[in-house]
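To keep things clear, I will list the structure first and then write my remarks on it.
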Amino acid sequence: MKKLFSKKILYVLVLLLPAIVLGGLAYVWLESFDTPGYVLLGIGHWSLETTLSVFIFALIITFFLLYFSLRTLDYLIRLPGQLKARSRLVKFNRSQDALISGLVDSAEGNWERAETALIKHVSHSGAPLLHYLTAAKAAQSRGALDKRDEYLKKASDHAPDSAIAIGLTQAELHLSGNEFDQALEALGKLHAIEPSHASVLKLLHQTYKTMGDWEAIRKLLPSLHSHKVLLETEIRQLETEAFTRLLKQSAATGHIDTLQQHWAEVPNYIRKLSGISAIYFAAMINGGAGADIEDELALALSIDWDTTLLVLFGSVPSNDALKQLAMAERWLSVHENDAVLLAVLGKLSAKCADNTKARTYLQQSLAIEPTVSAYQLLGDLLTAEGEQAEASQCYKKGLELASNEAVSRIIPAV
Numbered sequence: 141m142k143k144l145f146s147k148k149i150l151y152v153l154v155l156l157l158p159a160i161v162l163g164g165l166a167y168v169w170l171e172s173f174d175t176p177g178y179v180l181l182g183i184g185h186w187s188l189e190t191t192l193s194v195f196i197f198a199l200i201i202t203f204f205l206l207y208f209s210l211r212t213l214d215y216l217i218r219l220p221g222q223l224k225a226r227s228r229l230v231k232f233n234r235s236q237d238a239l240i241s242g243l244v245d246s247a248e249g250n251w252e253r254a255e256t257a258l259i260k261h262v263s264h265s266g267a268p269l270l271h272y273l274t275a276a277k278a279a280q281s282r283g284a285l286d287k288r289d290e291y292l293k294k295a296s297d298h299a300p301d302s303a304i305a306i307g308l309t310q311a312e313l314h315l316s317g318n319e320f321d322q323a324l325e326a327l328g329k330l331h332a333i334e335p336s337h338a339s340v341l342k343l344l345h346q347t348y349k350t351m352g353d354w355e356a357i358r359k360l361l362p363s364l365h366s367h368k369v370l371l372e373t374e375i376r377q378l379e380t381e382a383f384t385r386l387l388k389q390s391a392a393t394g395h396i397d398t399l400q401q402h403w404a405e406v407p408n409y410i411r412k413l414s415g416i417s418a419i420y421f422a423a424m425i426n427g428g429a430g431a432d433i434e435d436e437l438a439l440a441l442s443i444d445w446d447t448t449l450l451v452l453f454g455s456v457p458s459n460d461a462l463k464q465l466a467m468a469e470r471w472l473s474v475h476e477n478d479a480v481l482l483a484v485l486g487k488l489s490a491k492c493a494d495n496t497k498a499r500t501y502l503q504q505s506l507a508i509e510p511t512v513s514a515y516q517l518l519g520d521l522l523t524a525e526g527e528q529a530e531a532s533q534c535y536k537k538g539l540e541l542a543s544n545e546a547v548s549r550i551i552p553a554v
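Residues 141 to 554, numbered by our numbering, are exactly what the sequence shown covers, in order.
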């Protein structure tokens with residue numbers, strides 16, 4: 141303030157000096173005449189008489205004083221507003237410094253100091269929303285959840301038009317704090333406001349995935365795809381994972397109707413992936429609905445030969461065992477040296493009470509590739525025919541093979 145007043149005094153003196161010089165020059169010039177003239181002013185009974193040179197000098201000085209008085213009066217009138225504006229500018233600059241300091245402290249993990257700096261000068265900031273949202277993050281990071289919610293509410297009160305930004309921050313904080321229900325509640329409101337908002341959709345996807353809600357992700361997939369929230373490859377990976385998880389969940393619960401519904405919704409490119417269809421077919425067989433998928437399973441094998449599906453086909457409790465065996469025997473012309481197929485044929489032949497054919501198929505399978513299951517099937521068949529010694533040999537070889545397989549799995553781990 142003193143500095144400002146000193147400048148005004150200097151300004152007056154700078155203007156006064158030329159006025160005095162100008163008045164003095166006019167006075168000297170007029171006095172140089174033999175008859176410099178005079179001026180007479182009369183007001184009522186009063187009169188004033190002086191020389192012209194004195195009058196002009198006085199007029200110049202009077203004009204200057206009047207001009208200065210008016211400027212001073214204008215300055216005094218505007219002074220309170222200028223002081224307020226200057227005070228606001230100082231406070232605004234402080235709030236900007238506090239915002240920068242708070243952001244730096246947050247980045248460095250000084251949560252309490254960041255929160256204090258951000259809130260102290262928020263009332264004078266040009267961006268109070270940024271102060272409150274950053275303070276909310278700092279409060280959560282130090283475990284002050286009540287403060288976090290308070291700052292989020294104040295942010296909403298100060299910037300009601302920024303509901304999306306505030307809601308996203310709130311959802312992110314709830315999600316990072318494993319408050320999934322609260323996160324979904326916040327995201328649900330945002331999704332109702334902006335159904336196509338990419339950040340809202342992405343956070344919904346992350347929340348559902350963390351919660352393991354694959355049914356919700358399945359329903360969200362079209363929006364994620366149409367609004368390009370994720371890359372095409374990411375969408376396909378997520379879609380594959382979602383349907384795989386849903387099939388496994390349905391299989392675990394044994395709900396056949398739900399399982400069939402999910403399978404009907406699985407895209408063809410996912411059905412062709414190794415292991416996906418096996419989940420569905422195995423669940424249907426375990427759920428007692430194997431006969432319903434026999435033809436579909438046979439068609440899948442005809443299109444894409446798969447050992448796992450072949451084993452499942454042999455486990456189907458068919459309503460027509462002879463038809464089932466005939467179908468498997470047709471594949472033998474293409475896969476004549478397939479040990480798994482021969483074992484399945486042995487199993488199906490035994491189911492059709494054709495023990496001779498069953499024995500032949502199982503022996504051919506063991507000759508190509510010995511397996512525990514083939515030894516077990518042949519042992520059971522020999523036991524049924526009363527050949528105990530041969531059956532015991534099969535069981536023994538099966539146990540030895542199983543033991544060797546177990547040891548081979550353990551040794552690499554050691």
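Ideal Cβ positions, reconstructed from N, Cα and C, are used throughout, including at glycine.
Remark: C-beta atoms of Y501 and L482 approach each other more closely than 7 angstroms.
If you look at S336, you'll find it isn't in any beta strand (DSSP E); DSSP assigns it neither H nor E. Non-local beta-carbon contacts of A279 in its own chain, meaning distances under 7 angstroms to residues more than five positions away in sequence, involve E255, K287, R288 and Y291 in chain order. Per the DSSP secondary-structure output, G182 pairs in a beta bridge with S187.
A Cβ-Cβ contact shorter than 7 angstroms links F383 with I410. Going by DSSP, D435 is part of the alpha helix (DSSP H) stretching over E434 to I443.
A direct Cα-to-Cα measurement between H271 and K294 gives close to 10 angstroms. Selection S281, A276, A466 and I259 evaluated against G249 yields S281 as nearest (Cα-Cα).
Classified as exposed, F203 has fewer than 16 neighbouring CB atoms from the shown chains inside 10 Å of its CB.
Per DSSP, the unbroken alpha helix (DSSP H) holding N426 starts and ends at I416 to N426. With contacts defined as CB atoms closer than 7 angstroms, G519 and A529 fail to qualify as a contacting pair. The beta-carbon distance between S505 and A498, rounded to whole angstroms, is 11 angstroms. This is too long to meet the 8 angstroms contact definition. Shown here for P510: same chain residues with a beta carbon closer than 8 angstroms to its own, the five before and five after excluded, namely K537 and L541 in chain order. Taking a C-beta distance under 7 angstroms as the contact criterion, K388 and V369 do not qualify as a contact pair. Between Q346 and the set I259, L364, T448 and E334, the nearest pair of CA atoms involves L364. Its chain contains L361 as the residues whose beta carbon lies nearer than 6 angstroms to that of E379, once the 5 sequence neighbours on both sides are disregarded; these appear in chain order. Cβ neighbours of I217 within its own chain (closer than 6 angstroms, five residues either side excluded): none. Take the alpha-carbon of L450 and the one of V480: they are about 8 angstroms apart. By the neighbour-count definition (other C-beta atoms within 10 Å, threshold 16), K277 is a buried residue.
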